[in-house]
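If you're matching them up, the sequences are chains V and G in order.
Under this note's numbering, the letters of the first sequence match residues 43 to 290, in that order.
Under this note's numbering, the letters of the second sequence match residues 43 to 290, in that order.
For each residue, glycine too, the CB sits at the ideal point set by N, CA and C.
Since we're looking at a predicted model, the values are computed, not measured.
Notes to accompany the following structure.
Protein chains: 2
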Amino acid sequence: MNPVQNVIHAISADDGDALHFCSTCAFSGACIDAGYDKPALRDLHVMIEHVGPYRAGEHIFRTNDPFRALYAVRSGAVKTLTVDTNGNEQILGFYLPGELIGLNAIYPERFPCDAVALESSKFCRFSFSAISALATRMPMLQQQLFRMLSRELGMASRLAGDHSADERVAAFLTDLAQRFAAQGFPERYVRLAMTRNEIAEYLRLASETISRIFGRFRNQGLIRVEGRNVEIINSERLSILAHNILGD
Amino acid sequence: MNPVQNVIHAISADDGDALHFCSTCAFSGACIDAGYDKPALRDLHVMIEHVGPYRAGEHIFRTNDPFRALYAVRSGAVKTLTVDTNGNEQILGFYLPGELIGLNAIYPERFPCDAVALESSKFCRFSFSAISALATRMPMLQQQLFRMLSRELGMASRLAGDHSADERVAAFLTDLAQRFAAQGFPERYVRLAMTRNEIAEYLRLASETISRIFGRFRNQGLIRVEGRNVEIINSERLSILAHNILGD
DNA sequence: AATTTGCCATGACCCAGATCAACGTCGCGA
DNA sequence: TCGCGACGTTGATCTGGGTCATGGCAAATT
Chain V
43 MNPVQNVIHA ISADDGDALH FCSTCAFSGA CIDAGYDKPA LRDLHVMIEH
93 VGPYRAGEHI FRTNDPFRAL YAVRSGAVKT LTVDTNGNEQ ILGFYLPGEL
143 IGLNAIYPER FPCDAVALES SKFCRFSFSA ISALATRMPM LQQQLFRMLS
193 RELGMASRLA GDHSADERVA AFLTDLAQRF AAQGFPERYV RLAMTRNEIA
243 EYLRLASETI SRIFGRFRNQ GLIRVEGRNV EIINSERLSI LAHNILGD
Chain G
43 MNPVQNVIHA ISADDGDALH FCSTCAFSGA CIDAGYDKPA LRDLHVMIEH
93 VGPYRAGEHI FRTNDPFRAL YAVRSGAVKT LTVDTNGNEQ ILGFYLPGEL
143 IGLNAIYPER FPCDAVALES SKFCRFSFSA ISALATRMPM LQQQLFRMLS
193 RELGMASRLA GDHSADERVA AFLTDLAQRF AAQGFPERYV RLAMTRNEIA
243 EYLRLASETI SRIFGRFRNQ GLIRVEGRNV EIINSERLSI LAHNILGD
């Protein structure tokens, strides 16, 4: 049997309970590290609402919806996107379990984008006013929010740079592999939850260009591709290509 | 005398004192609105260090410098930039009085870019750990930091989109005019503190393209250009062009 | 006054990636 | 089982904006 196929089935996180985080919770790192894992956590858990599952194609929120809550992905995968005046979709980001959606809505106080499930997905919903209030009493939580905002800002501006299509695709694959690895999956396998066209809309390329570059990377022995399963053969060279975007 | 010339000389803010903000302080909105204008402000002022002036071309900080403080522009203008492996500069942003530099350094804990004065500039320096600590006691300050991060994130991802050179230049001029207007300057005049080449590095275009588009916008009666002074004649049509990037 | 240096403008040409077109494949509902 | 629509690949052609080259101008320097 081919090693690429069926290696990764679906990413999901356990559900957590009144005293434990979902295993991939966006806040767990900050809180557990800081010794908040005892009763203080009750305050955090009490404001969490488990929502979903949303099926593939369903909206979690839409552009201009009033912003009240952040969404942490528990399982599945999500895209956020805007539609410009010509009807062109622009994908802002893909989100995997453990990642947080909605940070770009804080300032406008409305969601500036749609969020759509790429596959069946569940979420933790955090009231933003409640989590802000809690953050004033939990400095590490505040810090974690600052860090996540800052991280997303850095990523957005690096991706905004003037890079070749090869660099973009290499950075996309490398980044995704690292994020899968952060969930405990083998770093060399990436299961794409999105179409070639969605990758293209994210990287500001045409879907044909994605196909061609996947093909070229395959011919150069950088990756193996079977449909939406990608195996990274030469992560070394891929990282070098990605370096201008990912920074390290 | 030509109306474009010498309308805007230099932007600067008064210096503030122990109980008053600089008139354009990045935090003044949040704090004054929230009724913090009495003794609580002392805590904020006490952690501020006035630095500068830096002359044109001088670095405020450099890539990989450890991140300890945010810088608010008091007067002058600044660019932040990265240099990629081919030696190409990429400008991340321009900053005017009242704006805050360094938010993208929180997550990596090092500055991911250089900051260089475009003209003689002064700053307020805020220790980040001190301001975070204070933010736990001043919810509106925390909120203001969240909002500024979120705002910059939104701007970065809109600029990252797939837009024509015309749209980019229109958005650049419109945005700058709005930010000048926020300082109380007439909205129709923009004084560019940066070269054509720097505009190009910011918008991911060639400097020749900036020249050509300024020329075309002039011929179409959208703007008047004299060196680095720009007068916006038809802000209506310019905003329509910019709409896909600026959103409103 | 002459020279250098940085900045800006404009024409000629080129290229990375978009667009257009054709076709193959897969999954799914009737 | 068939048909249909979404998805992916590949080839041919086009184009927006990049690159290269030239020249002008103004401030700084000699």
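Going by C-alpha to C-alpha distance, which of R104(G), T251(G), D126(G), E268(G) sits closest to N286(V)?
For the purposes of this step, residue 286(V) is identified with residue 244 of the first sequence, where counting begins at 1. Of R104(G), T251(G), D126(G), E268(G), the residue nearest in Cα terms is D126(G).
Enclosing beta strand (DSSP E) for A175(G) [first to last residue]
As a first step, residue 175(G) must be located in the second sequence, where it is residue number 133. Where A175(G) is concerned, there is no enclosing beta strand (DSSP E), although the alpha helix (DSSP H) it sits in stretches over 170-179.
Tell me whether the beta-carbon of L187(V) lies closer than 8 Å to the beta-carbon of A198(G).
Here residue 187(V) corresponds to residue number 145 of the first sequence, with the count starting at 1. Here residue 198(G) corresponds to residue number 156 of the second sequence, with the count starting at 1. Not a contact, by the Cβ cut-off of 8 Å.
Give me the chain V residues within the contact set of Q184(G), using Cβ-Cβ distance strictly less than 7 Å, ordered along the chain.
Taking the first residue of the second sequence as position 1, residue 184(G) is located at position 142. Ordered by position in chain V, the residues that pass the 7 Å Cβ test against Q184(G) are S174, A177, T178, Q184.
Assign D290(G) to buried or exposed, taking buried as 16 or more other Cβ atoms, counted over all protein chains shown, within 10 Å of its Cβ.
Sequence index remark: in the second sequence, residue 290(G) carries index 248 (1-based). Label assigned to D290(G): exposed.
Selection of the segment 108-140 of chain G by Cβ proximity to chain V, strictly under 7 Å:
The residues in question are D126, T127, Q132, L134.
Classification of A284(V) by the beta-carbon crowding that lies within 10 angstroms, buried from 16 upward:
Counted from its first residue, the first sequence places residue 284(V) at position 242. Buried: at least 16 other Cβ atoms inside 10 Å.
Taking 8 Å as the threshold (C-beta atoms), are T178(V) and Q184(G) in contact?
Here residue 184(G) refers to the residue found at position 142 of the second sequence. Here residue 178(V) refers to the residue found at position 136 of the first sequence. A contact, by the Cβ cut-off of 8 Å.
Residues that S281(V) bridges to, as DSSP identifies them
Taking the first sequence and counting its residues from 1, the one referred to as residue 281(V) is at position 239. DSSP output for S281(V) lists no bridge partner at all.
P228(V), buried or exposed, once every other Cβ within 10 Å from all chains shown has been counted against 16
Residue 228(V) sits at position 186 when you count from the first residue of the first sequence. With fewer than 16 Cβ atoms within 10 Å of its Cβ, P228(V) is classed as exposed.
Kindly list, in the order they appear in chain G, the residues whose Cβ is closer than 7 Å to that of D204(V).
The residue labelled residue 204(V) in the question sits at position 162 within the first sequence. For D204(V), the C-beta contacts it makes with chain G under 7 Å involve Q132, R246, in order along the chain.
Going by C-alpha distance, which of G269(V), D208(V), Q262(V) is nearest T237(V)?
What you label residue 237(V) is simply residue 195 of the first sequence in a count that begins at 1. It is G269(V) whose Cα lies nearest to the Cα of T237(V).
Mind checking if S163(G) is an interface residue toward chain V, Cβ cutoff 8 Å exclusive?
Within the second sequence, residue 163(G) is the residue found at index 121, counting from 1. No, its Cβ sits nowhere closer than 8 Å to a Cβ of chain V.
Along chain G, which residues have their Cβ under 7 Å away from the Cβ of E194(V)?
As a first step, residue 194(V) must be located in the first sequence, where it is residue number 152. Chain order gives the chain G residues near E194(V) as L195, where near means a beta carbon separation below 7 Å.
Would you mind telling me which residues of chain G sit closer than 8 Å to P181(V), beta carbon to beta carbon, in chain order?
Working through the first sequence from its first residue, we reach residue 181(V) at position 139. In chain order: S174, A175, T178.
If the cut is a Cβ gap below 7 Å, which residues of chain G does I148(V) touch?
For this step, residue 148(V) is matched to residue 106 along the first sequence. Correct list: F188, R189, S192.
Got a sec? Which residues, its chain only, sit under 6 Å from F103(V) by beta carbon, not counting five neighbours each side?
In the first sequence, residue 103(V) corresponds to position 61, counting from 1. Answer for F103(V): F153, A157, listed in chain order.
Paired residues, beta bridge with D156(V) - DSSP
As a working mapping, residue 156(V) is identified with position 114 in the first sequence. Under DSSP, D156(V) takes part in a beta bridge, and its partners are L123(V).
Where I274(V) sits in the DSSP three-state scheme
Position 232 of the first sequence, counted from the first residue, corresponds to residue 274(V). If DSSP states are grouped into helix, strand and coil, I274(V) belongs with the strands.
Can you tell which of A248(V), F170(V), G135(V), R230(V) has its C-alpha closest to the C-alpha of E91(V)?
As a position in the first sequence, residue 91(V) is number 49, starting the count at 1. Ranked by Cα distance from E91(V), the options A248(V), F170(V), G135(V), R230(V) are led by F170(V).
Can you tell me where the beta strand (DSSP E) with A111(G) in it begins and where it stops?
For the purposes of this step, residue 111(G) is taken as the residue at position 69 of the second sequence. Unbroken beta strand (DSSP E) run through A111(G): 111-117.
Quick check on the burial criterion: 16 or more other C-beta atoms within 10 angstroms. Buried or exposed for G263(V)?
If you number the first sequence from 1, residue 263(V) lands on position 221. Exposed, by the Cβ-count rule.
For N286(V), would you say it is in contact with chain G, using Cβ-to-Cβ distances shorter than 8 Å as the test?
Counting from one through the first sequence, the residue named residue 286(V) turns up at place 244. Any Cβ of chain G closer than 8 Å to the Cβ of N286(V) would place that residue at the interface, and such an atom is present.
Which of helix, strand or coil does DSSP assign to S54(V)?
Numbered from 1 along the first sequence, position 12 holds the residue referred to as residue 54(V). Here S54(V) scores only 44 on pLDDT, less than 50, and its place in the model should not be relied on; the value that follows carries that caveat. Three-state DSSP puts S54(V) in a strand.
Residues bridged to Q132(V) (per DSSP):
Here residue 132(V) is taken as the residue at index 90 of the first sequence, counted from 1. According to DSSP, Q132(V) bridges with T124(V).
Whole-number beta carbon distance between A119(V) and L29(V), since they are thought to touch under 8 Å:
Limits of chain V in this structure are 43 at one end and 290 at the other, which puts residue 29(V) out of reach.
Within 10 angstroms of its Cβ, does L129(V) collect 16 or more other Cβ (buried), or is it exposed?
Residue mapping note: residue 129(V) aligns to position 87 of the first sequence, counting from 1. At residue 129(V) the sequence reads Gly, which differs from the Leu that was named. Burial call: exposed.
Using 10 angstroms around the beta-carbon of P108(G), count the other beta-carbons present and answer buried if the total reaches 16, otherwise exposed.
Here residue 108(G) refers to the residue found at position 66 of the second sequence. Looking at its Cβ environment, which holds fewer than 16 other Cβ atoms inside 10 Å, P108(G) is exposed.
Beta-carbon of A198(V) versus every beta-carbon of chain G: anything under 8 Å?
Working through the first sequence from its first residue, we reach residue 198(V) at position 156. Against chain G, the CB of A198(V) has a partner CB under 8 Å away; the residue lies at that interface.
Could you check where the alpha helix (DSSP H) with M240(G) kicks off and where it finishes?
Looking up residue 240(G) in the second sequence gives position 198. According to the sequence provided, residue 240(G) is Glu. The question's Met does not apply to it. It spans 238-245 - the alpha helix (DSSP H) in which E240(G) sits, taken as one unbroken run.
Alpha carbons only, please: which of G135(G), N239(G), R221(G) is nearest the one belonging to R233(G)?
Taking the second sequence and counting its residues from 1, one reaches residue 233(G) at position 191. Per the Cα distances, R221(G).
Does the separation of the CB atoms of L160(V) and A98(V) fall below 8 Å?
Here residue 160(V) is taken as the residue at index 118 of the first sequence, counted from 1. Here residue 98(V) is taken as the residue at index 56 of the first sequence, counted from 1. For L160(V) and A98(V), yes; Cβs fall inside 8 Å.
Beta-carbon proximity of T105(G) to C155(G), cut-off 8 Å:
Position 63 of the second sequence, counted from the start, is the residue given in the question as residue 105(G). Position 113 of the second sequence, counted from the start, is the residue given in the question as residue 155(G). The Cβ-Cβ distance between T105(G) and C155(G) falls below 8 Å.
Any beta carbon of chain G sitting closer than 8 Å to that of P154(V)?
To locate residue 154(V), count along the first sequence from 1; it is residue 112. With 8 Å as the cut-off, P154(V) counts as an interface residue toward chain G.
Between which residues of its own chain and G94(V) is the CB-CB distance below 7 Å, once the five residues before and five after are set aside?
Here residue 94(V) refers to the residue found at position 52 when the first sequence is read from its first residue. Closer than 7 Å at the Cβ level, and outside the excluded window around G94(V), lie S163, K164, F165.
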